[in-house]
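Number of protein chains: 2
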Amino acid sequence: MIDHDQLIESLGQSGRAAARQLAHSTAEQRNGGLIAAAELIGQRQSELLSANQADLASADARGLAPAMVDRLRLDPDRLDAIADGLTSIAQLPDPIDRVLADWTQPNGLQIQRIAVPIGVIGVIYESRPNVTIDAAALCVKSGNAVILRGGSEAVNSNRALHEALSDGLEQAGLSAEAAQFVPTQDRDAVGALLRAHQSLDLVVPRGGKGLVKRVQDEARVPVLAHLDGNNHLYIDASADPEMAKNIVINAKMRRPGICGALETLLIDQAWSDNAPKLLTDLIESGCELRGDESICAMDSAINAAQPDDWDTEYLAPTLSIRLVEDSDDALDHIQRHGSGHTDGIIAEDTDAAQYFLARLDSAIAVHNASTQFADGGEFGFGAEIGIATGRLHARGPVGLEQLTTFQYRVMGSGQTRP
Amino acid sequence: MIDHDQLIESLGQSGRAAARQLAHSTAEQRNGGLIAAAELIGQRQSELLSANQADLASADARGLAPAMVDRLRLDPDRLDAIADGLTSIAQLPDPIDRVLADWTQPNGLQIQRIAVPIGVIGVIYESRPNVTIDAAALCVKSGNAVILRGGSEAVNSNRALHEALSDGLEQAGLSAEAAQFVPTQDRDAVGALLRAHQSLDLVVPRGGKGLVKRVQDEARVPVLAHLDGNNHLYIDASADPEMAKNIVINAKMRRPGICGALETLLIDQAWSDNAPKLLTDLIESGCELRGDESICAMDSAINAAQPDDWDTEYLAPTLSIRLVEDSDDALDHIQRHGSGHTDGIIAEDTDAAQYFLARLDSAIAVHNASTQFADGGEFGFGAEIGIATGRLHARGPVGLEQLTTFQYRVMGSGQTRP
Chain P
137 MIDHDQLIES LGQSGRAAAR QLAHSTAEQR NGGLIAAAEL IGQRQSELLS
187 ANQADLASAD ARGLAPAMVD RLRLDPDRLD AIADGLTSIA QLPDPIDRVL
237 ADWTQPNGLQ IQRIAVPIGV IGVIYESRPN VTIDAAALCV KSGNAVILRG
287 GSEAVNSNRA LHEALSDGLE QAGLSAEAAQ FVPTQDRDAV GALLRAHQSL
337 DLVVPRGGKG LVKRVQDEAR VPVLAHLDGN NHLYIDASAD PEMAKNIVIN
387 AKMRRPGICG ALETLLIDQA WSDNAPKLLT DLIESGCELR GDESICAMDS
437 AINAAQPDDW DTEYLAPTLS IRLVEDSDDA LDHIQRHGSG HTDGIIAEDT
487 DAAQYFLARL DSAIAVHNAS TQFADGGEFG FGAEIGIATG RLHARGPVGL
537 EQLTTFQYRV MGSGQTRP
Chain Z
137 MIDHDQLIES LGQSGRAAAR QLAHSTAEQR NGGLIAAAEL IGQRQSELLS
187 ANQADLASAD ARGLAPAMVD RLRLDPDRLD AIADGLTSIA QLPDPIDRVL
237 ADWTQPNGLQ IQRIAVPIGV IGVIYESRPN VTIDAAALCV KSGNAVILRG
287 GSEAVNSNRA LHEALSDGLE QAGLSAEAAQ FVPTQDRDAV GALLRAHQSL
337 DLVVPRGGKG LVKRVQDEAR VPVLAHLDGN NHLYIDASAD PEMAKNIVIN
387 AKMRRPGICG ALETLLIDQA WSDNAPKLLT DLIESGCELR GDESICAMDS
437 AINAAQPDDW DTEYLAPTLS IRLVEDSDDA LDHIQRHGSG HTDGIIAEDT
487 DAAQYFLARL DSAIAVHNAS TQFADGGEFG FGAEIGIATG RLHARGPVGL
537 EQLTTFQYRV MGSGQTRP
């Protein structure tokens with residue numbers, strides 16, 4: 137029987153040693169490792185596809201749902217996309233050794249705050265094999281060692297992809313242990329990873345709500361994640377009806393299944409004359425509406441919202457809608473039901489917008505734009521490992537810069553403290 | 137019997153409501169509350185001193201050690217210092233609503249990262265009653281609600297000081313619950329506080345190693361703290377002997393009991409000709425030395441270091457000393473024995489210094505200056521709530537800025553995501 141705590145501790149120690157080497161590698165070396173891995177993925181296409189075939193065959197045998205099987209599947213196009221992702225990450229600016237602050241004290245001490253890697257990061261993910269490469273590449277680019285724990289349904293694909301990555305890193309003169317793969321599929325290994333606060337500095341879960349909840353509940357290691365994206369838009373009295381329609385339909389319907397999708401719409405009663413037209417447009421766009429009493433009275437096609445609708449992240453073309461008295465009423469609603477992910481206001485009145493944004497307790501507060509912009513790429517971060525709704529270290533999109541921490545460097549000329 | 141989890145949850149809810157109000161109070165209001173509290177401390181001197189007398193009497197009855205009794209004692213001068221501390225914190229720049237970043241995406245979306253309060257902060261501390269005011273003032277100034285849990289030996293003093301603070305906040309139109317005091321001395325309340333990750337956003341322990349260790353071991357709430365300050369200085373081959381002497385004696389002997397004090401000195405063998413003179417100077421300054429074999433051979437007054445000396449934070453005029461082969465050997469030693477607090481190098485050779493600083497995995501890396509500069513005041517932060525050695529959110533001195541987090545504000549003109 138494997139002692140999982142011991143296993144994770146030993147991976148953590150190798151990871152720590154690799155992290156020290158990575159932290160002092162050059163950006164060229166780290167980028168070179170990622171590009172070498174991209175080339176290996178191209179060269180090993182047939183091996184990678186046959187590893188994936190093994191996963192697909194056992195998914196078939198276990199009767200996995202078609203949507204799960206689709207997530208699992210690799211094909212030449214998807215492999216190309218994975219390799220391209222590596223190349224684009226390699227081309228992003230180097231996030232470490234940035235001077236974040238630099239000042240001189242009256243006694244002549246120069247103090248700098250310098251971006252440095254966090255250390256050893258655990259990534260726990262589910263069926264999509266591309267996460268093996270995407271998440272690991274972001275960690276390595278930012279000078280962190282990564283310990284990967286993928287879903288058992290993709291184990292062969294993940295292992296083969298991981299091998300390509302660590303071989304690429306080795307070709308660039310980096311330690312293969314900069315990216316390690318947990319060598320057992322036992323679920324207890326996840327528990328051990330979450331407990332290992334001596335060995336790991338951070339855990340990032342990538343997957344469904346069940347996974348994120350388990351990680352948040354059990355982890356003794358700090359976690360960057362979001363559980364829900366129960367996002368709200370409030371239509372202020374001053375909102376332009378055409379803009380409101382475009383934003384709301386985009387925020388809900390563009391891709392209803394992403395974490396930045398709109399889930400509840402709050403309409404100011406002073407705007408209610410414009411509401412019936414918007415409701416019709418939403419219904420015509422294919423959205424199912426669930427309203428409070430006032431909203432239901434506007435259109436017979438609208439179902440009555442149940443109490444738990446206000447707390448539901450549908451991730452589907454369904455929207456709950458409430459008429460609110462004013463912006464404070466809207467803020468109260470969001471405070472009670474929101475998940476701190478992305479919320480916003482549609483308003484022509486800039487003062488009303490500023491008042492609202494400043495009182496939102498959300499990682500991302502939006503004015504006159506779609507909530508679906510809640511994405512590292514859309515923020516200009518190049519790539520993201522996820523979105524965080526915690527309050528410390530990073531909130532919102534977690535990109536390369538958010539995978540760094542800092543060190544103070546104090547440079548003197550012999551100063552002693554009086 | 138009290139349900140402590142329920143008690144803390146209820147304090148957390150009041151704290152959350154107060155935090156929302158605080159976050160949108162003006163800096164003038166928050167500063168006004170702190171100044172009003174400072175005035176109340178002046179006006180209530182006799183009540184505060186008699187509350188303190190009650191604590192001193194029971195300390196006497198329980199036979200508390202004289203050093204503990206001294207920490208507990210308030211007198212008019214100490215009360216004045218506490219009030220002055222409040223006034224200086226009120227005068228520091230406002231840490232919230234700062235624009236930390238501001239950029240515009242090609243689609244015209246303007247994105248700002250704005251400093252906002254963290255939320256509800258628990259402060260767990262031991263005998264010094266001044267922490268009640270110092271810690272709470274930093275939290276309130278930065279827009280956070282605070283829940284205070286002081287040591288039972290100072291309960292009367294703490295309660296009276298807390299009352300002055302919350303009365304001052306009320307006078308400025310703020311919620312008295314911006315600063316709450318845990319109303320029971322039961323140790324289980326600390327456990328409940330540490331578990332309350334739904335109610336609290338952060339815990340800061342202020343006290344001895346026993347307290348910090350309990351907090352780090354038990355907390356489900358994020359913690360900013362340091363357990364040890366096992367700090368090192370490495371004397372490089374290029375070090376100036378006079379500068380080395382001044383820095384080492386200051387780093388060890390100025391105040392041996394603070395967390396930034398030097399605990400182990402590593403001397404490059406290429407500098408060993410200068411070592412005997414330094415050792416003599418150290419001994420003459422009143423320092424007990426514990427050396428490895430080569431160091432012991434230099435002076436018969438030096439005791440042999442035992443293996444656990446290298447891991448010991450003496451907090452006393454005692455110093456362990458080792459001769460190292462080179463800077464990599466010194467870095468290896470620090471990596472094995474250091475606590476990630478403050479470590480440094482003394483060197484005239486700037487390249488050697490840069491090499492060393494960049495490889496130190498410490499919150500604060502120092503070149504040619506005393507480790508005793510590891511302090512928020514010396515960094516220019518005005519005040520600090522402590523020093524953190526964790527890797528996320530804040531490292532090094534935790535001042536007002538480190539008690540904030542941020543929110544992204546995305547401002548558009550109707551943008552939808554393609």
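Protein chains in written order, with the numbering used here: chain P, 137 to 554; chain Z, 137 to 554.
From the three backbone atoms N, C-alpha and C, an ideal C-beta is built for every residue, glycine too.
**Asked** Is the beta carbon of VAL534 (chain P) sitting closer than 8 Å to the one on GLY522 (chain P)?
**Response** yes
**Amino acids of chain P, ordered along the chain, whose beta-carbon sits closer than 7 Å to that of ALA281 (chain Z)** = The premise fails here: ALA281 (chain Z) is roughly 13 Å from chain P at the closest Cβ pair, so nothing lies under 7 Å.
**Request:** Tell me whether VAL357 (chain Z) sits in a helix, a strand or coil according to DSSP, three-state version.
**Result:** coil
**Three-state class that DSSP yields for VAL282 (chain P) in the structure shown** = strand
**Message:** Which same chain residues end up closer than 8 Å to ALA195 (chain Z) when comparing Cβ atoms and leaving out the 5 residues on each side of it in sequence?
**Reply:** MET204, VAL205, LEU208, GLU289
**Request:** Kindly list, in the order they appear in chain Z, the residues whose Cβ is closer than 8 Å to that of ALA290 (chain P).
**Result:** Chain Z residues near ALA290 (chain P): none, gap ~29 Å exceeds 8 Å.
**Message:** Give me the residue from Z:THR454, Z:TRP239, Z:ASN294 with the minimum Cα distance to ASN266 (chain Z).
**Reply:** Z:ASN294
**Message:** Taking 6 Å as the limit between beta carbons, can you name the residues of its chain near SER150 (chain P), skipping five residues before and five after?
**Reply:** GLU313
**Request:** Assign ASP497 (chain Z) to buried or exposed, taking buried as 16 or more other Cβ atoms, counted over all protein chains shown, within 10 Å of its Cβ.
**Result:** buried
**Asked** Around the Cβ of GLU514 (chain P), are there at least 16 other Cβ atoms within 10 angstroms (buried) or fewer (exposed)?
**Response** buried
**Request:** Compare the beta carbon distance of PHE509 (chain P) and LEU274 (chain Z) with 8 Å and say whether it is the shorter of the two.
**Result:** no
**Asked** What does DSSP give as the partner residues of GLY522 (chain Z) in its beta bridges?
**Response** Z:VAL534
**Prompt:** Looking at TYR370 (chain P) and LEU402 (chain P), is the spacing between their C-beta atoms short of 8 Å?
**Reply:** yes
**Continuous beta strand (DSSP E) assignments of at least 3 residues falling wholly in the region 293-323 of chain P** = 315-317
**Request:** Tell whether a beta-carbon distance below 8 Å holds between ASN439 (chain Z) and GLU399 (chain Z).
**Result:** no
**Message:** Less than 8 Å between the beta carbons of VAL348 (chain Z) and ALA332 (chain Z), yes or no?
**Reply:** no
**Item:** Buried/exposed call for ILE177 (chain P), threshold 16 Cβ in 10 Å
**Value:** buried
**Prompt:** Do LEU305 (chain Z) and LEU338 (chain Z) have their CB atoms nearer than 8 Å?
**Reply:** no
**Asked** What do you reckon, are the CB atoms on ILE482 (chain P) and ILE385 (chain P) nearer than 8 Å?
**Response** no
**Prompt:** By the criterion of Cβ-Cβ separation under 8 Å, what are the contact partners of MET434 (chain P) in chain Z?
**Reply:** Under the 8 Å cutoff, chain Z gives no residues; its nearest Cβ is about 24 Å from MET434 (chain P).
**Item:** the region 542-553 of chain P contacting the region 248-256 of chain P, beta-carbon criterion three pairs below 8 Å
**Value:** yes
**Rounded Cβ spacing between PRO453 (chain P) and PRO392 (chain P) (contact assumed at less than 8 Å)** = 5 Å
**Item:** Listed by chain order, chain Z residues near ILE383 (chain P) by CB distance under 7 Å
**Value:** GLY550, THR552
**Message:** So for HIS368 (chain P), helix, strand or coil by DSSP?
**Reply:** strand
**Prompt:** Taking buried to mean at least 16 other C-beta atoms within 10 Å of its own C-beta, is ILE470 (chain Z) buried or exposed?
**Reply:** buried
**Message:** Please confirm whether PRO265 (chain P) has its beta-carbon closer than 8 Å to some beta-carbon of chain Z.
**Reply:** no
**Request:** Taking ALA226 (chain P) as the reference, give the member of P:GLU378, P:GLY148, P:LEU301 with the closest Cα.
**Result:** P:LEU301
**Prompt:** For the candidate residues P:THR416, P:GLN405, P:ASP444, whose alpha-carbon lies nearest to that of SER430 (chain P)?
**Reply:** P:GLN405
**Request:** Determine, using beta carbons only, whether LEU536 (chain Z) and PRO231 (chain Z) come nearer to each other than 8 Å.
**Result:** yes
**Request:** For the alpha helix (DSSP H) containing HIS503 (chain P), list its first residue and its last residue.
**Result:** Run containing HIS503 (chain P): none in the alpha helix (DSSP H); it sits in the beta strand (DSSP E), 500-505.
**Message:** Taking the straight line between their C-alpha atoms, what separation do you get for LEU147 (chain P) and PRO229 (chain Z)?
**Reply:** 45 Å
**Prompt:** Can a CB atom of chain P be found closer than 8 Å to the CB of LEU158 (chain Z)?
**Reply:** no
**Residues, ordered as in the chain, of the region 246-263 of chain P that lie near chain Z by beta-carbon distance below 7 Å** = ILE247, ILE254, GLY255
**Prompt:** Alpha carbon to alpha carbon, what distance is there between VAL502 (chain P) and ASP462 (chain Z)?
**Reply:** 54 Å
**Prompt:** Quick one: what's ALA440 (chain Z) bridged to in DSSP?
**Reply:** Z:GLY427
**Message:** Looking at GLY255 (chain Z): is its Cβ nearer than 8 Å to the Cβ of ARG527 (chain P)?
**Reply:** yes
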